[in-house]
Amino acid sequence: MRTHVTIIDFKTAKPVEAEVFDEVTVDHFLEAQQEWRPIVLRAARELARRGARELIPQHLHWDWTSKAPQLNVLANIFYGVSYDGKLQGLMKVETVGEYCRCRLPEQDGKPLVYVDYLEVAPWNLKPLAEALGNTPRFKAVGSRLVEAAVLKSVEEEFKGRVGLHSLPMSEQFYLRVCGMTAVGRDVAKQNLLWLEYTPEQAGRFLSGVRKP
Amino acid sequence: MSPDKRTMTLNLTEQEMRVLEDLCVRKDVSKTALLRQALRLYQMVDARLGRGEKLFFEDEEKKKAELMVV
Amino acid sequence: MKFNTDPEWLERQAALEDNSYVSVGGFVWAVEELERRRPAAELTRAAFIRLLQLARRDRRLTLEQLSDKLDVELGELVGLETDEHYSPQPRTVKKIAEFLNVPAEKLFVLSGLTRAKDAHFEEAALRFAARSQPTEELSDEEHQALQDYVKFLCER
Chain H
4 MRTHVTIIDF
14 KTAKPVEAEV
24 FDEVTVDHFL
34 EAQQEWRPIV
44 LRAARELARR
54 GARELIPQHL
64 HWDWTSKAPQ
74 LNVLANIFYG
84 VSYDGKLQGL
94 MKVETVGEYC
104 RCRLPEQDGK
114 PLVYVDYLEV
124 APWNLKPLAE
134 ALGNTPRFKA
144 VGSRLVEAAV
154 LKSVEEEFKG
164 RVGLHSLPMS
174 EQFYLRVCGM
184 TAVGRDVAKQ
194 NLLWLEYTPE
204 QAGRFLSGVR
214 KP
Chain S
5 MSPDKRTMTL
15 NLTEQEMRVL
25 EDLCVRKDVS
35 KTALLRQALR
45 LYQMVDARLG
55 RGEKLFFEDE
65 EKKKAELMVV
Chain D
10 MKFNTDPEWL
20 ERQAALEDNS
30 YVSVGGFVWA
40 VEELERRRPA
50 AELTRAAFIR
60 LLQLARRDRR
70 LTLEQLSDKL
80 DVELGELVGL
90 ETDEHYSPQP
100 RTVKKIAEFL
110 NVPAEKLFVL
120 SGLTRAKDAH
130 FEEAALRFAA
140 RSQPTEELSD
150 EEHQALQDYV
160 KFLCER
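Chains as they are written, first to last, in my numbering: chain H, 4 to 215; chain S, 5 to 74; chain D, 10 to 165.
Below is the structure:
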């Protein structure tokens, strides 16, 4: 699958054409490792040097190449966002697994698409870009990846139900920007906040209709 | 968006069909969606068993029972 | 998969997403890894402690004798020599600088009261701390390390 989507160029504030694709390969993991990781680490060190520890990204030591063995498993789907051939975001979702069940009482036990990993290139994250004296490159890459997860859920007949464990510093994005429901902290998963979409919430996110 | 679809005919016993239909109601998905899930689960479990891992269920009292899978 | 093509949706999402972290996955390990990497201030503090210990032992002074000589509280010197996270009074650091005959501003950096301006300073501090061991009598190498480092602090 490869489809055109628009993201926003930060400098011009205008939409530009990017691609969302699910034909993610080891080469994309290598690109993330070689292009993203050094920038994330540099930005983290700069933020630490400034004493802005609360802005240090909690995903700083990820290694996408370690996920290579998961590429050929049907239950896993990887999505990438690229612009002009350069990777801007990566996501791994699961359709089967221990977390692929709803926990909200009104949809308890129903299947959902679980977002296992989601990362946006560091030059698209304002706190990291600015730590290195740069302006961010693109906006809405994260939203496009969440949109892909919801559309996958619809495709699987899960009605848009999506679940994830948010990193603490990303909680506000999933709560306020995506409009998910915070179900509770998962003691079995490092006390991370479990968030879920009901079909109605997913529908509102997809259509852009805000809850009154 | 999806790769080309392939079609097959599936023969089930009456009991199997009832189980399938019951699961579809509970999970609120179609038969196709449910069976695709089952296939993914089977592949995942098979791969991990093949690597020497074991699959257990754990009850509320934390008692483990190993699941024997074909 | 039909993605939203409404430019207003995109603009709104972009505005809402602005300044957000969006990452999902792998948490505890990342934070623990960062905690294991000691910040620069802790590395220079190790050098400051080592400098004080070596200088005291080189002159064969106990902590009590040094506190009398410097006219600083004994508790301050004990805290400095035994606790990496102890925060000294600027007056104490100034007195130690006079005792060692090194520029006070260099010791302010080493003690963590102020920040180093260059990586070379931190590197030199780290190498000095690594060259000495906490034994009673200064070895020839420790003596040389102490002399070299005091010279370095005075020269820059």
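Cβ coordinates follow ideal geometry from the N, Cα and C atoms, glycine included.
According to the DSSP secondary-structure assignment, residue 86(H) is paired through a beta bridge with 89(H). Identification of residues in the segment 59-78 of chain H having a C-beta nearer than 7 Å to some C-beta of chain S yields 76, 77, 78, given in sequence order. Only those residues of the segment 17-35 of chain S whose C-beta falls short of 8 Å from the nearest C-beta of chain H are listed: 30, 31, 32, 33, 34. According to DSSP, residue pairing for residue 11(H) in a beta bridge involves 18(H), 142(H). In this structure, the CA atom of residue 34(S) is about 7 Å from the CA atom of residue 160(H). For the pair of segments examined, the segment 78-87 of chain D was found not to touch the segment 23-33 of chain D: the number of CB pairs separated by less than 8 Å stays below three. Listed in chain order, the positions of the segment 44-67 of chain S with a beta carbon within less than 8 Å of a beta carbon of chain H are 44, 45, 47, 48, 51. By the rule that beta-carbons nearer than 8 Å mark a contact, residue 118(H) does not touch chain S.
Between residue 32(D) and residue 122(H), the CB-CB gap stays under 8 Å.
In summary, no residue of the segment 96-122 of chain D has a CB separated from any CB of chain H by less than 8 Å. Listed in chain order, the non-local C-beta contacts of residue 51(H) below 7 Å within the same chain comprise 59, local neighbours out to five positions each way being set aside. Look at residue 69(S) here: in three-state DSSP terms it is strand. For residue 129(H), none of the residues of chain S pass the 9 Å Cβ criterion, the least Cβ distance being about 31 Å. Using a C-beta cut-off of 8 Å, the segment 104-117 of chain H makes contact with the segment 161-176 of chain H, since at least three inter-stretch Cβ pairs fall below that distance.
By the Cβ test, the segment 62-79 of chain H is in contact with the segment 39-53 of chain S, since at least three Cβ pairs between them sit closer than 8 Å.
Sorting 196(H), 104(H), 36(H), 170(H) by C-alpha distance to the C-alpha of residue 66(H) places 36(H) at the top. Within the model, the alpha-carbon separation for residue 93(H) versus residue 10(S) is close to 28 Å. Look at the segment 107-136 of chain H and you find these whole runs of alpha helix (DSSP H), each 4 residues long or longer: 129-134. Going by DSSP, residue 22(S) is part of the alpha helix (DSSP H) stretching over 18-31.
Every alpha helix (DSSP H) of 4 residues or more that sits fully in the segment 82-142 of chain D is shown, in chain order, as 83-91, 99-109, 113-119, 128-140.
Using a CB distance cut-off of 8 Å, residue 98(H) counts as an interface residue toward chain S. One finds nothing in chain H with a Cβ atom closer than 8 Å to the Cβ of residue 69(S); even the nearest lies about 17 Å away. At a cut-off of 8 Å between beta-carbon atoms, residue 85(H) makes no contact with chain D.
Three or more Cβ pairs drawn from the segment 10-25 of chain D and the segment 140-160 of chain H lie within less than 8 Å of each other, which places the two stretches in contact.
Less than 8 Å divides the Cβ of residue 56(D) from the Cβ of residue 119(D).
Counting the other CB atoms within 10 Å of its CB gives residue 96(D) a total below 16, which places it among the exposed residues. Neighbours of residue 54(D) across chain H, judged by C-beta separation under 7 Å, do not exist; the nearest C-beta is about 16 Å away.
Any Cβ of chain S closer than 8 Å to the Cβ of residue 114(H) would place that residue at the interface, and such an atom is present. Judged by DSSP in its simplified three-state form, residue 15(D) adopts coil rather than helix or strand. About 7 Å separates the beta carbon of residue 43(H) from that of residue 131(H), a gap short enough to meet the 8 Å contact definition.
Separation of the CB atoms of residue 117(H) and residue 166(H) is rounded to 5 Å, and the pair is thereby assigned contact status at 8 Å. Only residues of its own chain outside the window of five on either side were considered, and among them 68 have a CB closer than 6 Å to the CB of residue 62(S), listed in chain order.
Under the Cβ distance rule, residue 12(D) counts among the residues neighbouring chain H, one pair being separated by less than 8 Å. Taking residue 55(S) as reference, the option from 126(H), 72(H), 140(H) with the minimal CA-CA separation is 72(H). Interface with chain D (8 Å Cβ-Cβ cutoff): residue 204(H) is excluded. Residue 152(D) and residue 67(D) have their C-alpha atoms some 7 Å from each other.
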